[in-house]
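Asks: Residue 304 in the numbering used here sits at position 146 of the sequence shown, with consecutive numbering throughout.
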Amino acid sequence: TPCNKEASKLYFITEDAFREDRKALLIGKIPRNDSCDFQACSINNLTPPIRVIENKNRCTRISDCVTVITKTGRRPHLVVRMVQSIKDTFGYDLRVIAYDDGPNDYSAEVWDRIKEHPLLQYFVADKPDIGISRGRNLALKQVKTKYFMLADDDNMFGNYSNISKLVDILDNTDTTLVAAQFAGALKFAGTLQFKRQGDDRVLLKESGLCHGDLEEWGCEQCDLTSNIFMAKTQHILETGGWSHELKITEHVDFFVKLKANKRKVAYCRDVKVKNAKPSKSGVYKELRSNVERKHNMFHRFNNRYDINIVKGFLYCRMTKKGAPSCRMLEYKRKTC
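#1: Would you say E364 and T383 are within 7 Å of each other, going by their C-beta atoms?
#2: Tell me whether the stretch 303 to 314 and the stretch 230 to 247 touch, counting them as touching only if at least three CB pairs, one residue from each stretch, are closer than 8 Å.
#3: If you draw a straight line from the C-alpha of G370 to the C-alpha of L362, how long is it?
#4: Check for me: the beta strand (DSSP E) holding Q379 runs from which residue to which?
#5: If the criterion is Cβ atoms closer than 7 Å, does the pair V431 and A338 meet it?
#6: Tell me whether the stretch 352 to 359 and the stretch 197 to 204 touch, counting them as touching only if at least three CB pairs, one residue from each stretch, are closer than 8 Å.
#7: Could you check whether the stretch 312 to 329 touches the stretch 274 to 294, counting it as contact only if at least three pairs of C-beta atoms, one from each stretch, sit closer than 8 Å?
#8: Closest by CA to P206, which one among V423, D287, Y463?
#9: Fully enclosed by the stretch 251 to 312, which beta strand (DSSP E) runs are 3 residues long or longer?
#10: Quick check: what's the CA-CA separation for A434 versus D246?
#11: Under DSSP, the beta strand (DSSP E) around F352 begins and ends at which residues?
#12: Look at the alpha carbon of W375 and the alpha carbon of L335, and state the distance between them as a whole number of angstroms.
#13: Tell me, to the nearest whole angstrom, how far the beta carbon of Y305 is from that of A418; I am working on the premise that it is less than 8 Å.
#14: Given a threshold of 16 other Cβ atoms within 10 Å of its Cβ, counted over all protein chains shown, does Y250 qualify as buried or as exposed?
#15: Which residues does DSSP list as the beta-bridge partners of D358?
#16: Rounded to whole angstroms, what's the CA-CA distance from D411 to F459? Just pull it up for me.
#17: Starting from the C-beta of N320, find all residues in its chain whose C-beta is less than 6 Å away, skip the five residues before and the five after it, and write them out in chain order.
#18: Between which two residues does the beta strand (DSSP E) containing A338 stretch?
#19: Using DSSP bridges, identify the partner residues of L372.
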């Protein structure tokens with residue numbers, strides 16, 4: 159059934175004076191003791207605790223165990239910048255696989271810059287705008303190592319990026335995925351719960367709330383993290399990776415699928431990666447700022463899980479004055 163876009167609203171609420179103790183007040187708009195009686199509710203509380211395991215095949219050289227993948231769109235200069243930050247930080251090369259879904263009309267000079275990095279495999283898709291999900295899946299299929307690290311093209315690694323800790327957790331636990339944190343941002347990781355609120359079917363993203371600890375590493379077990387993580391390649395392939403029909407707004411869907419498959423997710427706030435966003439321009443800006451496109455993707459996501467509200471904290475960042483600022487997302491559709 160087609161959705162009535164006029165009846166759909168996307169709200170962003172800025173809380174400049176946000177504090178941790180206020181989070182419960184905002185989340186409290188959804189009752190904690192309500193019932194959940196639709197199909198997606200079956201994934202609530204599915205994930206068992208993370209266990210330490212015996213592993214006789216531990217990683218001895220990170221470059222032999224980890225491949226970085228990224229999806230880009232006409233921003234090869236950012237991919238090259240990220241690759242250089244890896245080499246400058248760690249002193250060794252990691253293989254990086256990039257998929258670009260922009261038109262393949264780059265100059266010889268651009269390709270020469272790409273070729274300066276022999277471990278960078280740069281693919282251009284057969285057709286433009288294949289989307290984040292398909293691009294990441296194409297990159298993932300090229301991975302030959304047991305672990306991969308997902309990064310965005312505008313990410314940069316530094317001396318705060320202790321990725322060996324992420325490898326150690328994957329080597330020694332039954333965790334599928336362990337995430338880092340974006341430098342300068344507040345904690346993004348949290349839980350995912352489907353809930354019934356009156357006549358509404360709600361997906362609640364409770365940022366800042368996790369349900370377990372990895373005491374040996376000082377990390378936490380969560381349902382949802384930011385999109386900077388290391389994961390076991392085979393586990394992600396087995397769960398289907400990212401959903402192709404979601405060209406954007408794929409983030410939560412990816413983690414819901416992991417939870418539905420009882421895959422375990424960890425988050426380490428002391429491993430950081432910088433998100434050095436450049437100014438948006440041209441085709442990239444047009445695609446990212448297309449409101450109708452975002453509504454379309456949200457409708458597809460909501461229809462997949464038979465929900466009509468997605469509610470929760472989208473992102474938190476420290477302001478120049480040192481106070482945290484968060485955007486709260488409420489996406490509601492009454493006619494789909």
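Yeah, the Cβ is synthetic: ideal placement off N, Cα and C, and Gly gets one too. Nothing here was measured: the structure is a model prediction, and the numbers come from that model.
Replies: So, from the listed chains and residues:
#1: no
#2: yes
#3: 19 Å
#4: 377 to 380
#5: yes
#6: Judged by Cβ distances under 8 Å, the stretch 352 to 359 makes contact with the stretch 197 to 204, as three or more pairs qualify.
#7: Verdict: no, contact absent.
#8: V423
#9: 253 to 258, 278 to 282, 305 to 308
#10: 16 Å
#11: 348 to 355
#12: 14 Å
#13: Incorrect: roughly 22 Å between the Cβ atoms, too far for contact.
#14: exposed
#15: Q355
#16: 7 Å
#17: Sequence-distant partners of N320 (beyond 5 residues in either direction) whose C-beta falls short of 6 Å from its own C-beta, in its chain, are V429.
#18: 335 to 340 is the extent of the beta strand (DSSP E) around A338.
#19: C377
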